[in-house]
Every structure is written in C-alpha cells, then in structure tokens.
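I have placed the structure first, in the form of structure tokens, so that the comments after it can refer back to it.
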Amino acid sequence: MLGNQIAGKPIDYAILQMQFSEKRASKRIMNMLATAKDHASRYKHLDQSKLVVAEAWVNKGKAFKMIEPRGRGHHGIQTYRQAKMHVVLKEGRTIEEQKEKARAYKLNRIISAAAVREDKPIRNPGAMWAW
Numbered sequence: 008m009l010g011n012q013i014a015g016k017p018i019d020y021a022i023l024q025m026q027f028s029e030k031r032a033s034k035r036i037m038n039m040l041a042t043a044k045d046h047a048s049r050y051k052h053l054d055q056s057k058l059v060v061a062e063a064w065v066n067k068g069k070a071f072k073m074i075e076p077r078g079r080g081h082h083g084i085q086t087y088r089q090a091k092m093h094v095v096l097k098e099g100r101t102i103e104e105q106k107e108k109a110r111a112y113k114l115n116r117i118i119s120a121a122a123v124r125e126d127k128p129i130r131n132p133g134a135m136w137a138w
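Throughout, this note's numbering is defined as the position within the sequence shown, counted from one, plus 7.
This is the structure we're talking about:
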C-alpha cells in the first residue's frame, strides 16, 4: 500500500507522505527514501530537485523460524516473515513542469465550434425518412 502511495511522485513529496502516515512501516520507508535521495545525488550525480520515485514495490523477505514450546513435551514452529521494499529513483519533471504540461495538454484539447465540417457525407443512413 505504501509502495503504491509513493510510486510516481517526486522524492520530497514521497518523504512528506511517509512523515505524516500513521502506518508502522512509514518511518523506515521515510529513512530509506532520504538515504536513497542522498546516495543518488552523491554517487550517481543526479539533481535532487528533479528526483522522482519511478518504481516502488515490496517483495517477500526472509522468514526465520523459532521453536515454540508447548505442554506435555510438544513443540510448534513459528515463522516470522519479513518484507523488503525496493525503490527506483530517476530524474523526471518537477511539480511545476508537470502542472505546465497538464495545462498545455488541456489547452490543446479545446476545440472551437467553428471548426465543424458541414460537407461531410452521412454514414450509415437509415432506410426511410428520419421524421
């Protein structure tokens, strides 16, 4: 759920989302995102202001087993499962660039009423009069 929440978002916005999330794993993910942001700028020489969480997914981690003692000499095996989260950071558009692109797209979609062709033939006309 948290992976879907931050996928495709700018890194600073994703960190902010994890900061105010009430889920238990959000603090670890916030620290992981901050570390990933630092590593991307330091080792990969990427611009921090343009970093975007391109992908985020969760896989199964290790499952370690412990013996649970029970009565009358019996025992059970408890498995404790872990999960691993993976994040891919890429340089993308900033929030302002995304808003500008969406605005330009909406402006291009506007069609005026004067651009309708009137000499277009009728397709699939009915067999008789329409009235």
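Using N, Cα and C, we set each Cβ at its ideal position, and we do this for glycine too.
Of the choices the options, whose alpha-carbon is the least far from that of residue i?
i, options, result
"Ile74", "Gly68, Leu53 and Gln85", "Gln85"
"Ala70", "Pro132, Arg77, Ser56 and Arg88", "Arg88"
"Ala13", "Ser56, His46, His52 and Val65", "With the sequence shown as reference, residue 13 is identified as Ile, and Ala is not the correct amino acid for it. Measuring from the Cα of Ile13, the nearest candidate turns out to be Val65."
"Met39", "Arg79, Leu23, Ala111 and Leu114", "Leu23"
"Lys34", "Met25, Gly15 and Gly80", "Met25"
"Asn11", "Val95, His46 and Arg77", "Val95"
Go to residue i, then tell me how far its beta strand (DSSP E) extends in each direction, as first and last residue.
i, result
"Glu2", "There is no way to answer for residue 2, as the model of the chain reaches only from 8 to 138."
What is the rounded straight-line gap between the Cα of residue i and the Cα of residue j?
i, j, result
"Gly68", "Arg31", "17 Å"
"Leu9", "Val60", "12 Å"
"Lys44", "Glu29", "22 Å"
"Ala21", "Arg116", "31 Å"
"Phe27", "Lys57", "22 Å"
"Lys108", "Gly133", "44 Å"
"Ile102", "Pro17", "7 Å"
"Ala90", "Ile36", "12 Å"
"Gln105", "Leu114", "14 Å"
"His93", "Ala63", "6 Å"
In the DSSP output, what is residue i paired with across the bridge?
i, result
"Pro17", "Val59"
Could you spell out where the alpha helix (DSSP H) holding residue i opens and where it closes?
i, result
"Arg49", "Ser33 to Arg49"
Self-check item: Every unbroken alpha helix (DSSP H) within the stretch 73 to 113, with a cutoff of 4 residues, ordered by chain
Solution: Runs of the alpha helix (DSSP H) inside the stretch 73 to 113: none found.
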